[in-house]
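All letters in the sequence shown, in the order written, are residues 1 to 363 by this note's numbering. Everything on this sheet refers to the single structure shown next.
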Amino acid sequence: DEETDLNSLIKSWLRNQPVKYRNNLGNWIGDYFEKALQWVLKQNDYVVETSLVGTVMNGLSHLHGCKDHDQFIINLIRGLGGNLNMKSRLEFTKEVFNWARQSPPDPHKPMDTYYDSSTGRLASYVLKKPENLTADDFNNGQTLPVIQTPDMQRGLDYFKPWLSSDTKQPFILIGPEGCGKGMLLRYSFSQLRSTQIATVHCSAQTTSRHLLQKLSQTCMVISTNTGRVYRPKDCERLVLYLKDINLPKLDKWGTSTLVAFLQQVLTYQGFYDENLEWVGLENIQIVASMSAGGRLGRHKLTTRFTSIVRLCAVDYPEREQLQTIYGAYLEPVLHKNLKNHSIWGSSSKIYLLAGSMVQVYEQ
Numbered sequence: 001d002e003e004t005d006l007n008s009l010i011k012s013w014l015r016n017q018p019v020k021y022r023n024n025l026g027n028w029i030g031d032y033f034e035k036a037l038q039w040v041l042k043q044n045d046y047v048v049e050t051s052l053v054g055t056v057m058n059g060l061s062h063l064h065g066c067k068d069h070d071q072f073i074i075n076l077i078r079g080l081g082g083n084l085n086m087k088s089r090l091e092f093t094k095e096v097f098n099w100a101r102q103s104p105p106d107p108h109k110p111m112d113t114y115y116d117s118s119t120g121r122l123a124s125y126v127l128k129k130p131e132n133l134t135a136d137d138f139n140n141g142q143t144l145p146v147i148q149t150p151d152m153q154r155g156l157d158y159f160k161p162w163l164s165s166d167t168k169q170p171f172i173l174i175g176p177e178g179c180g181k182g183m184l185l186r187y188s189f190s191q192l193r194s195t196q197i198a199t200v201h202c203s204a205q206t207t208s209r210h211l212l213q214k215l216s217q218t219c220m221v222i223s224t225n226t227g228r229v230y231r232p233k234d235c236e237r238l239v240l241y242l243k244d245i246n247l248p249k250l251d252k253w254g255t256s257t258l259v260a261f262l263q264q265v266l267t268y269q270g271f272y273d274e275n276l277e278w279v280g281l282e283n284i285q286i287v288a289s290m291s292a293g294g295r296l297g298r299h300k301l302t303t304r305f306t307s308i309v310r311l312c313a314v315d316y317p318e319r320e321q322l323q324t325i326y327g328a329y330l331e332p333v334l335h336k337n338l339k340n341h342s343i344w345g346s347s348s349k350i351y352l353l354a355g356s357m358v359q360v361y362e363q
């Protein structure tokens, strides 16, 4: 870390940006980026430990194609604040708004601010409820309809740029157990065109062998002039989703072979197979999720790996947002099963019932 010259890192990143935005980006980075980076480094309150370069690349990954000052500010907060614990993230958000002499639309919830490109202004997330939900949407076997609460929209915006086709980047989504990481990822994967998702459910026993098995099931090997290449079989793009990437147990040298293999694949875009022939990977993106904290059976990821992937942490939804979600779920079900009922016909009563359910769940 000490040897790294941040300016060269930022300059080389700027060189890859569209010419028409380069000048503005350079100025804004000079105004805010280093200040923000120093703040984050001083706090040192990361959810997942990473290196200096990892933090910088995380910050820059959101700034690609920023055309507007306000848009830059929001993306800077997302990029550099994405791996901070929530309390520090809130502080950081307020600081950056302060430096930019901007005030968030809702001063009580500065983190719920986004840049609305249609108006060119800052706005606050509002609840998006799917229209006309019916009880049939809740039949077994289907995934539940998604109620886009402000928390959820914010979570999606944290990793949206890493999934977009022009800036595909490997990333890890971190959050406590049961906070909805899988749901967020499934929802955003469902929005991608011509993409297949291959999921690996990691356990203590998972090794790189399981990953290779998954690759050979979902890809075909093509011979090209540079050697053999794995390409997705049935569509343009494959997302390899590793659930609970920090569960595989470490060998006696403290290495997770799965993570070491991924690190090699990401660094060199390929690997040597058992015949020691080089095999490249094309159009394959690696996405992982995990719960943070060194609880039983969970292992710390090496910073050599965390610094070459993007990181973003989410948390449990707020209580009132859970109540909103359950209110939206209960309404169609009660309307169908208790038609024209004197009490359960009213939305406010249903909302109260949802509140009681959340309370029982919490207790």
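All C-beta atoms, glycine included, are put in the ideal place defined by N, C-alpha and C.
Exercise for the section: Provide the residue(s) that pair with Arg-310 in DSSP beta bridges, ordered along the chain. Expected result: Indexing the sequence shown from 1 puts residue 310 at position 310. DSSP output for Arg-310 lists Phe-171 as bridge partner(s).
Handout entry: Start-to-end residues for the alpha helix (DSSP H) that takes in Pro-150
Key = One-based indexing of the sequence shown puts residue 150 at position 150. Its alpha helix (DSSP H) spans residues 150–163.
Exercise for the section: Using 10 angstroms around the beta-carbon of Ala-204, count the other beta-carbons present and answer buried if the total reaches 16, otherwise exposed. Expected result: The residue given as residue 204 occupies position 204 in the sequence shown. It is exposed - the Cβ of Ala-204 has fewer than 16 other Cβ atoms within 10 Å.
Practice task
Return the first residue and the last residue of the beta strand (DSSP E) that Tyr-272 is part of.
Solution key: Residue numbering aside, residue 272 sits at position 272 when the sequence shown is read from its first letter. Start and end: 270–272.
Handout entry: N-terminal and C-terminal residue of the alpha helix (DSSP H) that Gln-321 is part of
Key = Here residue 321 refers to the residue found at position 321 of the sequence shown. Per DSSP, Gln-321 belongs to the alpha helix (DSSP H) from 319–337.
Exercise for the section: Using three-state DSSP, classify Tyr-125 as helix, strand or coil. Expected result: Taking the sequence shown and counting its residues from 1, one reaches residue 125 at position 125. In the structure shown, Tyr-125 sits in coil (DSSP, three-state: anything other than H, G, I, E or B).
Handout entry: Beta carbon of Ala-313 nearer than 8 Å to that of Ile-174
Key = Taking the sequence shown and counting its residues from 1, the one referred to as residue 313 is at position 313. Taking the sequence shown and counting its residues from 1, the one referred to as residue 174 is at position 174. Yes, the Cβ-Cβ distance between Ala-313 and Ile-174 is below 8 Å.
Problem - Cys-235 burial status per 10 Å Cβ neighbour count (16 or more: buried) - result: The count along the sequence shown starts at 1 and reaches residue 235 at position 235. Its Cβ having fewer than 16 others within 10 Å, Cys-235 is exposed.
Handout entry: Cβ separation of Asn-58 and Leu-80, assumed to be a contact under 8 Å, to the nearest whole Å
Key = What you label residue 58 is simply residue 58 of the sequence shown in a count that begins at 1. What you label residue 80 is simply residue 80 of the sequence shown in a count that begins at 1. Confirmed, about 7 Å.
Practice task
Take Asp-157 and list the residues in its own chain whose beta-carbon comes closer than 7 Å to its own, dropping the five residues that flank it on each side.
Solution key: Position 157 of the sequence shown, counted from the start, is the residue given in the question as residue 157. So the qualifying residues of the chain are Arg-78 and Tyr-114.
Exercise for the section: Could you pull the start and end residues of the alpha helix (DSSP H) that Asp-70 belongs to? Expected result: Translated into positions along the sequence shown, residue 70 becomes position 70. Segment 69–81, the alpha helix (DSSP H) holding Asp-70.
Exercise for the section: Tell me, please, which residues DSSP counts as bridged to Trp-278. Expected result: Start at 1 with the first residue of the sequence shown, and residue 278 comes out as number 278. The partner list for Trp-278 (beta bridge, DSSP) reads Tyr-272.
Problem - Cα-Cα separation between Arg-15 and Tyr-21, rounded to whole angstroms - result: Counted from its first residue, the sequence shown places residue 15 at position 15. Counted from its first residue, the sequence shown places residue 21 at position 21. Taking the straight line from one Cα to the other gives about 11 Å.
Problem - Extent of the continuous alpha helix (DSSP H) run through Gly-227 - result: Stepping through the sequence shown from its first residue, residue 227 is reached at position 227. Run containing Gly-227: none in the alpha helix (DSSP H); it sits in the beta strand (DSSP E), 227–232.
Problem - 8 Å CB neighbourhood of Thr-306 in its chain, flanking five on each side removed - result: For the purposes of this step, residue 306 is identified with residue 306 of the sequence shown, where counting begins at 1. Closer than 8 Å at Cβ, skipping near neighbours: Val-48, Glu-49, Thr-50, Ser-51, Gly-54 and Ile-172.
Practice task
Would you kindly check if the distance between the Cβ of Val-229 and the Cβ of Glu-282 is under 8 Å?
Solution key: Walking along the sequence shown from the start, residue 282 turns up at place 282. Walking along the sequence shown from the start, residue 229 turns up at place 229. Yes. Within cutoff.
Practice task
List the endpoints of the continuous beta strand (DSSP E) containing Ile-284.
Solution key: By 1-based counting over the sequence shown, the position of residue 284 is 284. Taken as a continuous stretch (DSSP letters only), the beta strand (DSSP E) holding Ile-284 covers 284–290.
Problem - Residues sharing a beta bridge with Thr-55, DSSP - result: The residue you call residue 55 lines up with position 55 of the sequence shown. Per DSSP, none; premise fails for Thr-55.
Problem - Asp-364 vs Tyr-125 beta-carbon contact at 8 Å - result: Residue 364 is absent from the model: the chain starts at 1 and stops at 363.
Exercise for the section: Could you give the DSSP three-state label for Ser-208: helix, strand or coil? Expected result: Position 208 of the sequence shown holds residue 208. Helix, per DSSP.
Practice task
Mind the definition here: the region 149–168 touches the region 321–340 only if three or more C-beta pairs lie below 8 Å; say whether that holds.
Solution key: yes
Problem - Best match in Gln-269, His-201 and Gly-65 for proximity to Lys-243 [C-alpha to C-alpha] - result: Locating residue 243 in the sequence shown gives position 243, counting from the first residue. Out of Gln-269, His-201 and Gly-65, His-201 has the C-alpha closest to the C-alpha of Lys-243.
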